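Enquirer:
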Amino acid sequence: MAQINLLKQKTIGQSFQAVFPVYATRFLLVVLLVVVAYYVWIFISLKKTNAQIAETEAKLAQNQEAISKIQDTDQLFARQNQLKALEGIITEHLYWSQLLPEVAKVTLKRATYSNFAIHPDNTLSLTVSVPNFEDFDKFLQVFDIPKVNESFSEVRVSSFHESETDETSVVQFDVKMKFNPAILEYKKVK
Amino acid sequence: MEANFAQNSPKLSVSLPSSPTQRSIFEAGLLVVIIVLLYFFVVSPKKADLKTQTAVLAEKKEAEELSTKNLENLQGLVGKLASHKAQFEKLDESLPLVGKTIHLRMLVESLAESSGVTLTSINVTNKGEGVVAGDAALIANPFSVVRELQPLTASVTATGNFDQLFLFLRKIENNARVMNLAGFELSGQGENLLSMKVDFSAYFYGPVK
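Line by line, the protein sequences are chains A and B.
Under my numbering, residues 12 to 201 are what the first sequence spells out, in order.
Under my numbering, residues 5 to 213 are what the second sequence spells out, in order.
What follows is the structure, given as structure tokens:
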């Protein structure tokens with residue numbers, strides 16, 4: 012049967028209790044020193060940072076003074092803004108003359124226009140004359156062709172009448188239609 | 005009569021731990037208190053200061069770098085101003101710095117003449133037209149005034165055959181001075197003669213009134 016030396020165990024327990032507070036104190040002393048060192052480091056870093064801020068501010072002020080001393084900056088900014096404004100109006104620039112050949116392409120050879128107006132709401136007003144009602148119908152049928160309809164749509168006839176001059180009869184009518192605004196956009200001449 | 009101070013004086017006694025173990029425990033407790041107080045009331049505020057100032061420094065450095073870059077760019081661009089006179093002439097032709105209606109009128113007349121059309125009416129308006137010449141401040145420094153894009157509106161009626169009017173229209177559209185059409189009407193005037201009315205806007209980058 013194994014014997015337990017209770018006396019020896021008691022001695023170890025007692026010595027640990029006696030030594031632990033001493034080591035804990037030493038450890039805490041080291042922690043205190045570390046905290047103090049950390050404070051010193053923070054203090055020095057703060058001083059350095061403040062010095063760097065002052066230096067940067069001085070450099071910033073120096074740059075701003077140099078910028079204010081540059082001659083012709085007014086002209087430079089005015090030119091830049093002028094160019095920007097020009098770019099803005101160029102993007103809005105449309106080529107209305109491109110609409111005339113497009114209209115000519117979809118017009119019957121026997122039809123003539125006596126009035127032609129393009130409006131800013133992308134509509135077109137025409138006063139058209141054709142020899143007879145058959146041509147009037149043909150004129151309108153053209154706009155039902157899908158390819159033509161892509162460019163000109165929603166054709167409305169506001170009025171029409173037949174008149175006779177020098178033994179020839181003429182059917183005259185007013186037409187309003189929408190056109191595709193893409194027609195007015197810039198096209199590079201090939 | 006003699007006073008017995010030794011007997012009457014109270015005994016001043018501080019109860020310090022007697023054993024070394026107890027003293028060590030007391031010292032450890034004291035150190036913990038000191039460390040905690042030192043950290044929270046001295047180190048921590050300073051640490052917060054450092055953090056704030058570091059952020060300020062980063063901000064200032066960024067601003068300084070940007071300003072240095074801007075200064076270099078500005079110096080480079082101002083240096084190029086003098087060598088781009090031809091481009092500025094073109095720019096001024098497209099978007100003049102003055103909004104004189106007479107200039108636009110003369111331009112339209114020259115376009116009509118070169119197209120072979122006859123102008124029957126021409127009306128150019130500048131809503132904000134003020135001093136048109138002799139502005140001392142503007143003469144002294146034409147670029148220091150605040151400027152903005154301003155329109156001139158024009159309504160022109162011309163007669164001619166289709167080809168001439170078409171050419172006139174193309175010249176208005178393709179002119180170096182940007183003119184944006186707002187309305188267009190073409191009507192018959194007789195044998196091979198048409199009348200065309202165009203409304204358009206031209207622009208200038210003039211001083212704000």
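All C-beta atoms in this analysis are idealised placements derived from N, C-alpha and C, irrespective of residue type, glycine included.
Predicted model only: the values in this text are computed from it and were never measured.
1. List the residues of chain B whose Cβ lies closer than 7 Å to the Cβ of A:K70, in chain order.
2. Whole-angstrom Cβ separation of A:N191 and A:S162, contact assumed at under 8 Å?
3. Please list, in chain order, the residues of the stretch 79-92 of chain A that have any C-beta partner in chain B closer than 8 Å.
4. Name the residue from B:G187, B:D96, B:A90, B:T56 whose alpha carbon lies nearest to the alpha carbon of A:L97.
5. Within 8 Å (strictly less), CB to CB, does A:Q28 reach chain B?
6. Taking DSSP as the reference, what is the three-state secondary structure of A:E165?
7. Got a sec, what are the start and stop residues for the beta strand (DSSP E) A:R121 sits in?
8. Going by other Cβ atoms of all chains shown within 10 Å of its Cβ, with 16 needed for buried, is B:K175 buried or exposed?
9. With a CB to CB cut of under 7 Å and the five nearest residues on each side skipped, what residues in its chain are close to A:F88?
10. Within 8 Å of any Cβ in chain A, is that where the Cβ of B:L196 sits?
11. Which chain A residues are close to B:V36, counting only those with a beta carbon under 7 Å from its beta carbon?
12. When the Cα atoms are used, what is the spatial distance from B:L34 to A:F27?
13. Looking only at its chain, what residues have a beta carbon closer than 6 Å to the beta carbon of B:P100, apart from the 5 residues adjacent to it on each side?
14. Measuring straight from C-alpha to C-alpha, what distance separates B:N127 and B:R109?
15. Strictly by DSSP, which residues pair up with A:I129?
16. Give a yes or no on whether the C-beta atoms belonging to A:I64 and B:Q57 are separated by under 8 Å.
17. Using alpha carbons as the reference points, say which of B:S148, B:K94, B:K51 lies closest to B:V212.
18. From A:S136 to A:R90, what does the alpha carbon distance come to, in whole angstroms?
19. Which class does B:A206 belong to by DSSP, given the choice of helix, strand or coil?
20. Which residue marks the beginning of the alpha helix (DSSP H) containing B:S71, and which one marks its end?
21. Which value, in whole angstroms, describes the spacing of the CA atoms of A:D187 and B:S118?
22. With three or more C-beta pairs closer than 8 Å as the rule, is the stretch 120-127 of chain A touching the stretch 136-152 of chain A?
23. Please compile the residues from chain B whose C-beta is within a distance smaller than 8 Å of the C-beta of A:E103.
24. Following the continuous beta strand (DSSP E) through B:N127, name the residue where it begins and the one where it ends.
25. Comparing C-alpha positions only, which one of B:G194, B:A86, B:F188 sits nearest to A:E111?
26. With a Cβ-Cβ cutoff of 8 Å, do B:I38 and A:L44 count as a contact?
27. At a CB distance below 7 Å, what residues from the stretch 126-139 of chain A approach chain B? Give them in sequence order.
28. Can you list, in chain order, the residues of the stretch 151-180 of chain B whose Cβ is nearer than 7 Å to any Cβ on chain A?
29. From the DSSP output, in three-state form, read off B:Q193 for me.
30. Taking Cβ to Cβ, would you say B:L198 is nearer than 8 Å to B:F166?
31. Find the nearest neighbour of A:A35 within the set B:T25, B:Q26, B:A32, judged by alpha-carbon distance.
32. In the structure shown, what three-state DSSP assignment does B:L153 receive?
Expert: According to the data block:
1. In chain order: E68.
2. Contact between A:N191 and A:S162 holds, with the beta-carbon distance rounding to 5 Å and staying under 8 Å.
3. Only I81, Q82, D83, T84, D85, Q86, L87, F88, A89, R90, N92 from the stretch 79-92 of chain A bring a Cβ to less than 8 Å from some Cβ of chain B.
4. Out of B:G187, B:D96, B:A90, B:T56, B:D96 has the C-alpha closest to the C-alpha of A:L97.
5. Chain B places a beta carbon closer than 8 Å to that of A:Q28, counting this residue as a contact.
6. In this structure, A:E165 counts as strand in the three-state DSSP scheme.
7. Looking at the DSSP string, A:R121 is not in any beta strand (DSSP E), and its letter there is neither H nor E.
8. Per the 10 Å Cβ criterion, buried.
9. Nothing listed; no residue qualifies.
10. Sequence check: residue 196 of chain B is Asn here, not Leu. Cβ-Cβ to chain A under 8 Å: no for B:N196.
11. Per Cβ cutoff of 7 Å: L39.
12. Whole-angstrom Cα-Cα distance: 21 Å.
13. Correct list, in chain order: F208.
14. B:N127 and B:R109 have their C-alpha atoms spaced approximately 8 Å apart.
15. A:I129 is bridged to A:L135, B:F188.
16. Cβ atoms of A:I64 and B:Q57: closer than 8 Å.
17. Looking at the Cα atoms, B:S148 is the closest of the given residues.
18. Between A:S136 and A:R90, the C-alpha separation is close to 41 Å.
19. Strand, per DSSP.
20. B:S71 -> alpha helix (DSSP H) spans 48-85.
21. According to the sequence as given, residue 187 of chain A is Lys; it is not Asp. For A:K187 and B:S118, the distance between alpha carbons rounds to 33 Å.
22. Under the Cβ criterion (8 Å, minimum of three pairs), the stretch 136-152 of chain A counts as touching the stretch 120-127 of chain A.
23. The contacting residues are N184.
24. Start and end: 122-129.
25. Sequence inspection shows Leu at residue 111 of chain A; the Glu mentioned does not correspond to that position. If we check each option's Cα against that of A:L111, B:F188 comes out closest.
26. Judged by their CB atoms, B:I38 and A:L44 are not nearer to each other than the 8 Å cut-off.
27. Under the 7 Å Cβ criterion, the stretch 126-139 of chain A contributes N126, F127, A128, I129, H130, P131.
28. For the stretch 151-180 of chain B, which is checked against every Cβ of chain A, the residues closer than 7 Å are R151, L153, F170, L173, R174, E177.
29. Three-state DSSP puts B:Q193 in a strand.
30. Contact: yes.
31. Comparing C-alpha distances from A:A35 to each of B:T25, B:Q26, B:A32 shows the shortest one belongs to B:A32.
32. Of the three classes helix, strand and coil, the one that applies to B:L153 here is strand, per DSSP.
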